[in-house]
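Chemist:
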């Protein structure tokens, strides 16, 4: 269906909501403007991806990681995004950790005790991930 | 030790799982003061990932990378909407129009990458 990457649109409803929350109450947005912003968002993803990929390649990695995206933001002169993005990433990582533990508990109730110890160590290493980008390659097998 | 940790983790996971679908709910009452940063992504990660995969030079992207991209895109949308709105205000309008966006793109360096891409 999508012939060009630009045609891969992000959901209109979400885009509209983000726009409305960014603007003061009572401000409207024309359909053309909203559609243009949606396209701009897609282009932004493509451009940021390409930029981030350059950093991954520089690091001789085949997998784009979060650090590459943050570097791309700086390169694209969106440095002010970096702080908020790092915070969001923290929250995201905690959430993912919580999910892993929940899955573990469901699957292995009796055997878990010994395995939990080694996994807890792995999880501690995960916290270091932001500084040690090389470790990301190991995780990505899950993807 | 491990036994004590299990119910806490389960409770935390339940809380996390419970709050996920309630995403829009928790933002409903929050005005513009509510900080965006700690929020989870509203844009669906699958769609963002589809865009990432569209790049022939990209081999793989971690889940975290896709997440950060999604959040960055949301921040971008907020930013460009606000910047375009300045022009609507100059024109004494309360409706953001396409030309406001074009003006913002022309005037602001960070948006230069958008030139020629929106038509």
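Chains as they are written, first to last, in the numbering used here: chain G, 1 to 143; chain W, 1001 to 1119. Built from N, CA and C at the ideal position, the CB exists for glycine as well. Model, not experiment: these values are computed from the prediction.
1. Would you decide whether residue 1097 of chain W is buried or exposed? Buried here means 16 or more other CB atoms lie within 10 Å of its CB.
2. Answer yes if the region 67-82 of chain G comes into contact with the region 92-108 of chain G, meaning at least three C-beta pairs across the two stretches below 8 Å, and no otherwise.
3. Per DSSP, what kind of secondary structure is residue 1061 of chain W in: helix, strand or coil?
4. Cβ of residue 121 of chain G less than 9 Å from any chain W Cβ?
5. Restricting to Cα atoms, I'd like to know which of W:1067, W:1041, W:1040 is closest to residue 49 of chain G.
6. Could you list which residues in chain W have their beta carbon closer than 7 Å to that of residue 59 of chain G, in chain order?
7. Excluding sequence positions up to five away, which residues of its chain have a Cβ less than 6 Å from the Cβ of residue 1111 of chain W?
8. Are the CB atoms of residue 1103 of chain W and residue 1084 of chain W nearer to each other than 9 Å?
9. Looking at the strands, I want to know which residues DSSP matches up with residue 28 of chain G.
10. Give the straight-line distance between the Cα atoms of residue 1073 of chain W and residue 108 of chain G, rounded to the nearest whole angstrom.
11. May I ask you to list the residues that DSSP assigns as paired with residue 63 of chain G?
12. So, are the CB atoms of residue 1047 of chain W and residue 9 of chain G less than 9 Å apart?
13. What did DSSP end up calling residue 1082 of chain W once you bin it into helix, strand or coil?
14. Suppose you measure from the CA of residue 213 of chain G to the CA of residue 66 of chain G; what does that come to, to the nearest Å?
15. Let me see if you follow: with CB-CB separation under 9 Å, is residue 1092 of chain W close to chain G or not?
16. Thinking C-alpha only, which one of G:69, G:21, G:37 is nearest residue 86 of chain G?
Modeler: On the basis of the supplied data:
1. Residue 1097 of chain W is buried by the Cβ-count criterion.
2. No: the two stretches stay apart, fewer than three of their Cβ pairs being nearer than 8 Å.
3. Strand.
4. In this prediction, residue 121 of chain G has a pLDDT of 46, which is less than 50 and means its spatial position is unreliable; what the coordinates show is noted afterwards. Against chain W, the CB of residue 121 of chain G has no partner CB under 9 Å away; the residue lies outside that interface.
5. If we check each option's Cα against that of residue 49 of chain G, W:1067 comes out closest.
6. Close to residue 59 of chain G, with beta-carbon spacing below 7 Å, lies no residue of chain W; the smallest spacing is near 13 Å.
7. Closer than 6 Å at the Cβ level, and outside the excluded window around residue 1111 of chain W, lie 1105.
8. Yes, these two residues count as a Cβ contact at 9 Å.
9. Residue 28 of chain G is bridged by DSSP to W:1095.
10. A straight line joining the alpha-carbon of residue 1073 of chain W with that of residue 108 of chain G spans about 38 Å.
11. Looking at the DSSP assignment, residue 63 of chain G forms a beta bridge with W:1060.
12. Going by C-beta atoms, residue 1047 of chain W is nearer than 9 Å to residue 9 of chain G.
13. Under the three-state reduction of DSSP, residue 1082 of chain W is assigned to helix.
14. In the structure as shown, chain G starts at 1 and stops at 143, and residue 213 of chain G therefore has no counterpart that could be examined.
15. Not closer than 9 Å to any Cβ of chain G, the Cβ of residue 1092 of chain W fails to qualify, so no.
16. Nearest neighbour of residue 86 of chain G by Cα position, chosen from G:69, G:21, G:37, turns out to be G:69.
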